[in-house]
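Asks: This is the structure I have questions about; it appears just below.
Protein chains: 2
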Amino acid sequence: MRLDAVSKKTVGKIERLAESVIKSVKGRKNPFVEIPIRSLANVHFDKKKGVVQLGSQTQKRYFFNVAMAKKFMQTFLVSDACKELVESGKTTSIRDLYYITKHTIGDTRQNTFEEQDESDPIIEDLEVSLDALREELHLFASRKGSMVGPVTIRDSGDTIDLRRMGSGGWAVPSIVEENVVQLGKHEARYILLIEKDAVWSRFNEDKFWKREKCIIIQGGGQPPRGVRRMVQRLHAELRLPVYVLVDNDPWGFYIYSVMKQGSINLAYESMRMAVPSARFVGLSSFDKDKYELPMNVAIKMDDGDVARARQMLAYPWFADKRWQREIQEMVRSGVKFELEALSRRGISFITEEYLPKKLREKDWLE
Amino acid sequence: MRLDAVSKKTVGKIERLAESVIKSVKGRKNPFVEIPIRSLANVHFDKKKGVVQLGSQTQKRYFFNVAMAKKFMQTFLVSDACKELVESGKTTSIRDLYYITKHTIGDTRQNTFEEQDESDPIIEDLEVSLDALREELHLFASRKGSMVGPVTIRDSGDTIDLRRMGSGGWAVPSIVEENVVQLGKHEARYILLIEKDAVWSRFNEDKFWKREKCIIIQGGGQPPRGVRRMVQRLHAELRLPVYVLVDNDPWGFYIYSVMKQGSINLAYESMRMAVPSARFVGLSSFDKDKYELPMNVAIKMDDGDVARARQMLAYPWFADKRWQREIQEMVRSGVKFELEALSRRGISFITEEYLPKKLREKDWLE
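As given, the protein sequences belong to chains A and B, one line each in that order.
Here this note's numbering is used: position 118 in the first sequence is 118, and no number is missing along the way.
Count along the second sequence from 1, add 1000, and you get the number used in this note's numbering.
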């Protein structure tokens, strides 16, 4: 099978990892893999780039070390399976990879992996060690999300016109790397990432994307990796601004912040997933007055919400004065609002009045 | 706006409901709505039709009755909102409907609805009273799922070729009634409903649907209404058999049974959602031997699993000898298997060997 450029590069990385180990063995040295540390202590917010990033601390995983030998072996089992996947042009789920690499070792009763929670961290180790996203290793996590808009794409050889996707839309796959999905002709002016599928359906049914010439995409709550990577590629390759439309609650703010600068947990992927210039178009805590929402559609914040909001006040990426004011207003009022609350003003209020006004008046947060 | 035939019929039903009340008022009688009872006592399994059905018991909801007045009012608030939706050609989520119909009554502090768990049962009341699916009332619940295969459909005026959907597939909408989605030209021989998205991706990537001429569809676990209705329409209109591929655990069996004969909770929709002739193509409890699965990919059943499996032995729709044998084997062995366990035999074992053999040998349960 002939490999595309992305796959060739990935295979090369895996091979170099293996070669370094073989070299150690031949030199009668204790072979090791060097793995960047993925703990909070090695994560920082790069203010200039606007993303959460992994620092430079690494650890060495040795083969001749009782505490490390199993993980060392697992690392190469997983990398070997990934190499096979990439070379065969197949992709699979991380659950599947666990089954594929699960063996009983020789005549022992020892398994290579007992549970998937053993193989998942090895995948993450490999991602950071090789500087390759899991998608480049041909692995995917669960996916959600759909997309329509004035753009044509190619996916696995099929040309798909996202202007003609009906009410359902194109289901965004988990892996949207360049070797799978290519972006084609478009007339879009911006990208709108919507938190909720039901709200996305409103925007699609009202043909907002046609009228406004924008791409609308949703990820069913916190967008999965496929959707975030898609938004980043649309942003970078088509040079379009990104607007994020979420609920007025700490979870909505969090979704926005992960799209904007990545998350602490997966800091090593920020550069490939985040869009630091993404703009928050609501729902803002001040919109209840601006858009005359009756108080009976407000939801009382619970203790968890309040604690979460207070925590956010301390995040460096929410240090901006306007964000501080925004979060403080949420805490002060003690209430949160769902996007659907706007329907109290009319079923298409959100597509016909709310968002057009937001964009016209540049009433967003960054 | 000109209404299509489906919408006209629905509006007519709502109007007749309202007219019957007006007639009562004019006749100085206590107006009421007659609502079929949706409790277990009024649900039975129709062996001949092969579906779980609602019985004929009804209750009357009176306006002049302190205990019923609020619900009576709510019923008409919801039906009025649905009529507006249908007439305007718009659809919305049941969450949204709650917000749309939430008002504070006059100068009181009484709200029409306090929470969505008040409006949801009213929607169900209305569905059974009017004999109209919520989709016909232009309401949708959350959706999941994707579909590809040798079939062309029309969705909201767009022609969509499901043979050219790339790795993502077409995102199945919540509402797939005839007025939204129409089925066109096809070369499919059968429909394959797959429990898991990750497994569906394997079938799509391996182009199983192309080789086998079948439609593959997944609903991300328990398929949502849109997917079940889609499968039923494909089955009925294209006259294609339906095969269901699920995990070997009680949950997988349950998913199959809901697709086949409906569920107790939503018995009134069985006739529109169920496919009594649907066939179970595994994973069967006997496949561990037949397909030589090593025991280290088995998962031990917990107490909940065992209790659930025992419960299933008593269901009339699992009364068949072969099903009894199937469930008993699961209980006896004390283990369950995920579809991904088949990957232990090779990543494409499921598409190249397992399912082709199942179909060739007619090794399914009904």
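Glycine included, every Cβ here is placed at the ideal spot set by N, Cα and C.
Treat the numbers as computed from the prediction; the structure is a model and nothing was measured.
Does the CB of leucine 355 of chain A have a neighbour CB from chain B at under 9 Å?
Replies: With 9 Å as the cut-off, leucine 355 of chain A does not count as an interface residue toward chain B.
Asks: Provide the residue(s) that pair with tryptophan 170 of chain A in DSSP beta bridges, ordered along the chain.
Replies: Note: tryptophan 170 of chain A sits in a beta bridge opposite A:Met147, B:Trp1170.
Asks: Which value, in whole angstroms, describes the spacing of the CA atoms of lysine 1013 of chain B and serine 1024 of chain B?
Replies: Their backbone Cα atoms lie some 17 Å apart in a straight line.
Asks: Just the C-alpha distance for arginine 344 of chain A and lysine 290 of chain A, rounded to the nearest angstrom, thanks.
Replies: Computed Cα separation, rounded: 14 Å.
Asks: Cβ of threonine 159 of chain A within 9 Å of Cβ of arginine 1164 of chain B?
Replies: Their beta carbons are under 9 Å apart, which means threonine 159 of chain A touches arginine 1164 of chain B by this criterion.
Asks: Answer with yes or no whether the minimum CB distance from arginine 1225 of chain B to chain A is below 9 Å.
Replies: With 9 Å as the cut-off, arginine 1225 of chain B does not count as an interface residue toward chain A.
Asks: For phenylalanine 1140 of chain B, decide whether its Cβ has a neighbour in chain D, counting only Cβ atoms nearer than 9 Å.
Replies: The structure shown contains no chain D; its protein chains are A and B.
Asks: In chain A, what lies closer than 8 Å to alanine 1198 of chain B by C-beta?
Replies: Within chain A, the residues near alanine 1198 of chain B are Thr92, Ser93, Arg95, Asp96, Phe140, Ser142.
Asks: Is tyrosine 1099 of chain B helix, strand or coil by DSSP?
Replies: Tyrosine 1099 of chain B: helix per DSSP, three-state reduction.
Asks: Determine the extent of the alpha helix (DSSP H) in which glutamate 84 of chain A is found, giving its start and end residues.
Replies: Residues 69-88.
Asks: Taking 8 Å as the threshold, find out whether the region 232-248 of chain A comes into contact with the region 301-314 of chain A through three or more Cβ pairs.
Replies: The region 232-248 of chain A is not in contact with the region 301-314 of chain A.
Asks: Look at arginine 233 of chain A and glutamate 269 of chain A and say whether their C-beta atoms are less than 9 Å apart.
Replies: For arginine 233 of chain A and glutamate 269 of chain A, no; Cβs fall outside 9 Å.
Asks: Can you tell me the Cβ-Cβ gap for isoleucine 191 of chain A and isoleucine 215 of chain A, rounded? I've got them flagged as a contact below 8 Å.
Replies: With a Cβ gap of about 5 Å, isoleucine 191 of chain A and isoleucine 215 of chain A count as contacting.
Asks: Can you round the beta-carbon distance between asparagine 1030 of chain B and phenylalanine 1072 of chain B to whole angstroms, since I take them to be within the 8 Å contact cut?
Replies: Not quite, the Cβ-Cβ distance comes to about 10 Å (not below 8 Å), so this is no contact.
Asks: Am I right that glycine 1145 of chain B and glycine 1220 of chain B are in contact with their C-beta atoms under 8 Å? What's the rounded C-beta distance?
Replies: That belief holds up - the Cβ atoms of glycine 1145 of chain B and glycine 1220 of chain B are roughly 6 Å apart, short of 8 Å.
Asks: Alpha helix (DSSP H) containing isoleucine 122 of chain A: first to last residue?
Replies: Per DSSP, isoleucine 122 of chain A belongs to the alpha helix (DSSP H) from 116-130.
Asks: Between glycine 169 of chain A and tryptophan 1170 of chain B, is the Cβ-Cβ spacing less than 9 Å?
Replies: A contact, by the Cβ cut-off of 9 Å.
Asks: Using a Cβ-Cβ cutoff of 9 Å, what residues of the region 1246-1259 of chain B are near chain A? List them in chain order.
Replies: Here the close residues number zero.
Asks: Using 8 Å as the cut-off, can you tell me whether the region 1332-1349 of chain B makes contact with the region 93-113 of chain A, which would need three or more C-beta pairs spanning the two stretches below that distance?
Replies: These segments touch.
Asks: Using the beta-carbon count (16 or more within 10 Å), is alanine 307 of chain A buried or exposed?
Replies: It is exposed - the Cβ of alanine 307 of chain A has fewer than 16 other Cβ atoms within 10 Å.
Asks: Can you tell me whether lysine 185 of chain A is helix, strand or coil according to DSSP?
Replies: In the structure shown, lysine 185 of chain A sits in a strand (DSSP, three-state: E or B).
Asks: Who does arginine 1279 of chain B pair with in a DSSP beta bridge?
Replies: B:Tyr1243, per the DSSP bridge assignment.
Asks: Apart from the five residues on each side of it in sequence, which residues of its chain come closer than 7 Å, Cβ to Cβ, to lysine 1049 of chain B?
Replies: Hits under 7 Å: Pro1276.
Asks: Quick one: any contact between the region 1224-1241 of chain B and the region 1124-1144 of chain B, if contact means 3 or more CB pairs under 8 Å?
Replies: Yes: at least three Cβ pairs fall under 8 Å.
Asks: Check each candidate in B:Leu1313, B:Gln1328, B:Asp1131 and name the one with the smallest Cα separation from leucine 1017 of chain B.
Replies: Nearest option by C-alpha distance: B:Asp1131.
Asks: Taking the alpha carbon of glutamate 237 of chain A as the reference point, which residue from A:Val181, A:Trp317, A:Lys102, A:Thr58 has its own alpha carbon closest?
Replies: Out of A:Val181, A:Trp317, A:Lys102, A:Thr58, A:Val181 has the C-alpha closest to the C-alpha of glutamate 237 of chain A.
Asks: What's the call for glutamine 1311 of chain B, buried or exposed, on a 16-neighbour Cβ count within 10 Å?
Replies: Label assigned to glutamine 1311 of chain B: exposed.
Asks: I'd like the span of the beta strand (DSSP E) that includes phenylalanine 32 of chain A, first residue to last.
Replies: That run of the beta strand (DSSP E) goes 32-36.
Asks: Alpha carbon to alpha carbon, how far is lysine 1210 of chain B from glutamate 87 of chain A? Give it in angstroms, no decimals.
Replies: Rounded to the nearest angstrom, the two C-alpha atoms are 23 Å apart.
Asks: Any residues in the region 1093-1127 of chain B with a beta carbon nearer than 7 Å to a beta carbon of chain A? Which ones, in chain order?
Replies: Per Cβ criterion, the list reads Ser1093, Arg1095, Asp1096, Tyr1099, Ile1100, Lys1102, Thr1104, Asn1111.
Asks: Of all the options B:Leu1085, B:Leu1139, B:Arg1239, B:Asp1004, which has the alpha carbon lying nearest to the alpha carbon of glutamate 1124 of chain B?
Replies: Nearest C-alpha to glutamate 1124 of chain B: B:Leu1139.
Asks: Between lysine 362 of chain A and lysine 288 of chain A, what straight-line distance do the alpha-carbon atoms span, to the nearest angstrom?
Replies: In a straight line, the C-alpha of lysine 362 of chain A is about 18 Å away from that of lysine 288 of chain A.
Asks: Which value, in whole angstroms, describes the spacing of the CA atoms of histidine 103 of chain A and valine 33 of chain A?
Replies: C-alpha separation (whole angstroms): 22 Å.
Asks: What residues from chain A crowd round valine 1297 of chain B, counting only those whose CB sits closer than 9 Å?
Replies: Per Cβ cutoff of 9 Å: Tyr99, Lys102.
Asks: According to DSSP, which residues form a beta bridge with phenylalanine 140 of chain A?
Replies: Answer by DSSP bridge pairing, in chain order: A:Ser93.
Asks: Could you round the C-beta distance between leucine 359 of chain A and tryptophan 323 of chain A to whole angstroms and report it? I think they count as a contact, below 8 Å.
Replies: Not quite, the Cβ-Cβ distance comes to about 19 Å (not below 8 Å), so this is no contact.
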